[in-house]
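Colleague: All residue numbers for the sequence shown refer to numbering that gives the first Met the number 0, where the first residue is 0 and numbers rise by one.
Here it is, the structure, as structure tokens.
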Amino acid sequence: MKSASELSPWSLTDLFPAQDSTEMEAAFARIEESVAAFEKRRSQLSPDLAVEAFLEMIQELEAINHLAHRVHGFAALQFYADTQNQSAQSFMARVDQFFATIQNRLLFFSLWWKDLEDEAARRLMAPSGDYHYWLEAMRLFKPHTLSEPEEKIINIKDVTGSTALINLYDSITNRYVFKVEVDGEQQELTRGELMVYARHHDPELRARAYQELYRVYGDDGPILGLMYQTRVRDWRNEQVDLRHFASPMAVRNLANDIPDQVVDTLLQVCEQNAPLFQRFFKLKARWLGVERLRRYDIYAPVVKADKLYDYASASTMVFESFREFEPQVASLAQRVLDDQHLDSEVRKGKRSGAFCLTVTNDLTPWVLLNYQGRADDVATMAHELGHAIHSMLAAHHSLFTFHASLPLAETASTFGEMLLIDRLLAQETDESVRRDMLFRQADDAYATIMRQAFFALFERQAHEMIHQNASVDELADAYLKNLEQQFGDAVTLSDEFRWEWVSIPHIYEYPFYVYAYTFGQLLVLSLYQQYRAEGEAFKPRYLKILASGGSQAPAQVLSDAGIDIYSPAFWQGGFDVIERLVKELEALPVV
Ligand SMILES: [Zn+2]
């Protein structure tokens with residue numbers, strides 16, 4: 000088996016030959032035709048609809064979505080490959096507009112389905128096979144669904160309301176320019192470029208980077224805060240007042256199909272474990288030779304180990320770590336390369352960062368990387384290929400049920416990273432590089448677990464405060480208190496961090512989304528611990544979790560694997576893994 004030896008762009012020919020091909024125009028025409036045909040079936044919808052007709056309709060809907068995903072996937076991937084390409088931009092806009100219209104025309108089916116009486120729904124659902132959970136999950140929203148005209152009005156008003164507000168927030172914040180002095184030279188940077196310095200070994204530069212970040216956000220703080228208040232009020236008006244969710248967070252929990260009680264337990268266990276990361280920050284202070292860490296220092300490297308990995312050997316390491324775990328997993332990842340679905344090189348205009356996009360269940364996923372040879376880039380390769388593996392293992396499910404829901408979506412990706420890190424640690428002979436890796440693991444655990452949990456806790460509080468008419472300054476004060484609780488006496492906070500919350504796009508765009516990161520990471524730590532303890536015996540159970548995709552409720556998938564997400568002890572198990580890592584670090588002699 001070979002792995003990738005050279006950086007390369009991807010090919011989109013598995014989707015369409017080109018944007019302006021006859022195949023593409025045929026696809027638009029075909030979607031339009033099928034939607035029109037589907038609309039004609041509307042009159043058939045009734046509580047005594049025959050099962051055959053019902054299943055036929057679902058299959059038609061699936062076929063429409065299947066083709067729509069191909070068109071949309073092509074438009075998105077082409078755009079990400081070159082975001083400055085104007086023809087790709089306008090094609091993307093055409094596709095977005097087209098699908099918004101299509102979605103509204105198809106809306107009647109899901110509304111009818113949610114509105115149907117229980118008995119009729121049970122009769123139709125019973126023989127629906129793989130569609131069962133999708134149908135069931137839709138009906139969870141029955142008590143929160145409005146009439147068709149009301150739903151349509153919300154959709155239309157959202158375009159110029161909350162969606163426009165979020166676009167405005169993005170437009171304002173994406174054009175920020177950050178000025179910082181590096182090596183005596185004044186630089187003008189994007190946020191992404193600026194925050195590279197949060198991990199720089201020069202403490203003064205780290206401080207300057209953060210001060211500049213929150214100077215810029217803080218200057219607009221009152222306006223960005225006002226936008227947040229508006230978003231939060233809109234959220235409550237719709238979700239709590241109109242749709243009757245019990246709380247602003249409950250709507251996210253239902254979309255994730257995670258019971259409110261589980262989320263409460265998860266966040267509680269996180270709060271209780273704040274002292275664990277405080278202990279890690281105190282240890283890090285000793286390594287950095289300072290009395291107490293400043294907030295600027297929490298991601299500081301403890302050693303100057305800037306080891307670079309060439310692409311060929313990085314790819315070999317990733318594939319070997321997968322193969323060592325399970326050859327089938329490695330062969331699935333190999334398909335991404337063989338089908339030329341990997342864009343790994345750095346190019347001007349290409350979207351930054353990394354992602355894996357699964358267009359449909361019958362196509363190998365596409366993976367975008369910007370490989371530059373740092374240890375992080377190697378981990379990212381393992382992470383994104385992990386996503387691809389997850390999709391392919393669940394590909395036998397329908398288009399509607401193969402995608403894992405949010406809290407499970409990071410399972411294979413994070414697990415893949417851990418397999419890689421274990422292998423790197425086992426092979427690395429340079430002690431300083433090994434130390435660097437271990438510290439990074441703890442840094443990352445902080446960033447994905449505790450930081451996100453405290454964001455969610457802040458959101459919960461902020462939604463309530465705004466309901467009680469809190470001002471922007473009062474929210475900023477509450478945010479500083481949230482940080483004080485998180486860091487205790489282990490980290491010195493400076494006042495500009497009061498504006499951190501207005502710099503987090505997630506809390507504007509997807510309220511309460513962030514706890515899914517906490518959920519996913521703690522879950523994987525526990526799973527990985529089981530793998531270490533059980534070896535071979537663990538693998539079928541793990542692969543079954545992945546292969547179930549989104550075909551069952553997360554609590555069900557996990558309980559089949561012997562995991563009880565209602566139990567605080569389960570979540571504590573994830574923190575116990577981190578505690579062992581911190582102990583291991585504490586045992587190292589400080590150099
Ligand atoms: Zn991911």
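Virtual Cβ for every residue (Gly too), placed ideally from N, Cα, C.
Bear in mind the structure is a predicted one, so any value in this text is a computation, not a measurement.
In this structure, does DSSP put R293 in helix, strand or coil?
Modeller: strand
Colleague: What separation, rounded to the nearest whole angstrom, lies between the Cα atoms of Q238 and L60?
Modeller: Cα to Cα, Q238 sits roughly 27 Å from L60.
Colleague: Rounded C-beta distance between A444 and V377? I'm assuming under 8 Å.
Modeller: So it is not a contact: roughly 18 Å between Cβ atoms.
Colleague: Does ligand 1 have even one heavy atom less than 7 Å from the beta-carbon of S412?
Modeller: yes
Colleague: Would you report the Cα separation of F318 and S404, rounded to the nearest angstrom?
Modeller: 26 Å
Colleague: Could you give the distance in angstroms between the alpha-carbon of V366 and the alpha-carbon of A332?
Modeller: Distance between the alpha carbons of V366 and A332: 10 Å.
Colleague: Check whether the Cβ atoms of D296 and P202 lie closer than 8 Å to each other.
Modeller: yes
Colleague: In the DSSP assignment, the alpha helix (DSSP H) including W133 goes from what residue to what residue?
Modeller: H131 to R138
Colleague: For L6 versus Y370, is the C-beta distance shorter than 8 Å?
Modeller: yes
Colleague: Nearest CA to the CA of L287: which residue from T264, Q277, A80 and V302?
Modeller: Of the candidates T264, Q277, A80 and V302, V302 places its Cα closest to the Cα of L287.
Colleague: Does DSSP put T491 in a helix, a strand or coil?
Modeller: strand
Colleague: Quick one: grab the DSSP three-state call for K1.
Modeller: Any reading at K1 needs caution, since the residue's pLDDT is 45, under 50, leaving its predicted position unreliable; the model's value is listed next. Correct three-state label for K1: coil.
Colleague: Run through DSSP, which three-state label would Q185 get?
Modeller: strand
Colleague: In this structure, how does DSSP classify F454 when only helix, strand and coil are distinguished?
Modeller: helix
Colleague: Take the Cβ of Q77 as the centre, count every other Cβ of all protein chains shown within 10 Å, and call the residue buried at 16 or more, exposed below.
Modeller: buried
Colleague: Within the continuous alpha helix (DSSP H) that includes W365, where are the two ends?
Modeller: Where W365 is concerned, there is no enclosing alpha helix (DSSP H), although the beta strand (DSSP E) it sits in stretches over W365 to L367.
Colleague: Applying the criterion that 16 or more other CB atoms from any shown protein chain within 10 Å of the CB defines a buried residue, is M0 buried or exposed?
Modeller: Because M0 sits at a pLDDT of 39, beneath the cut-off of 50, its placement in the model cannot be relied upon, and the point is left open.
Colleague: Count Cβ pairs between the region 536 to 548 and the region 397 to 411 that sit closer than 8 Å; are there 3 or more?
Modeller: yes
Colleague: Would you give the residue range spanned by the alpha helix (DSSP H) that F318 belongs to?
Modeller: Y310 to F324
Colleague: From what residue to what residue does the alpha helix (DSSP H) around F280 run?
Modeller: A273 to L287
Colleague: Leaving out the 5 sequence neighbours to the left and right, which residues in its chain are closer than 6 Å to A393 when beta-carbon positions are compared?
Modeller: F401, A546 and G548
Colleague: Of the residues Q271, Y507 and N64, which one's Cα is nearest the Cα of T162?
Modeller: Shortest Cα-Cα distance from T162 to any of Q271, Y507 and N64 involves Y507.
Colleague: Below 8 Å on the Cβ atoms is my contact criterion, and I expect E667 with K178 to pass it. Report the Cβ-Cβ distance as a whole number of Å.
Modeller: Residue 667 falls outside the range modelled here, since the chain spans only 0 to 590, and no answer is possible.
Colleague: Going by beta-carbon coordinates alone, are L115 and E147 separated by less than 8 Å?
Modeller: no
Colleague: Okay, do the region 468 to 482 and the region 136 to 153 touch, 3+ Cβ pairs below 8 Å being the bar?
Modeller: no
Colleague: Is it the case that the CB of E211 approaches a heavy atom of ligand 1 more closely than 7 Å?
Modeller: no
Colleague: Helix, strand or coil: which one does DSSP assign to F177?
Modeller: strand
Colleague: Is it buried or exposed, V501, if we count other Cβ atoms within 10 angstroms and call 16 or more buried?
Modeller: By the beta-carbon neighbour count (other beta carbons within 10 angstroms, threshold 16), V501 is buried.
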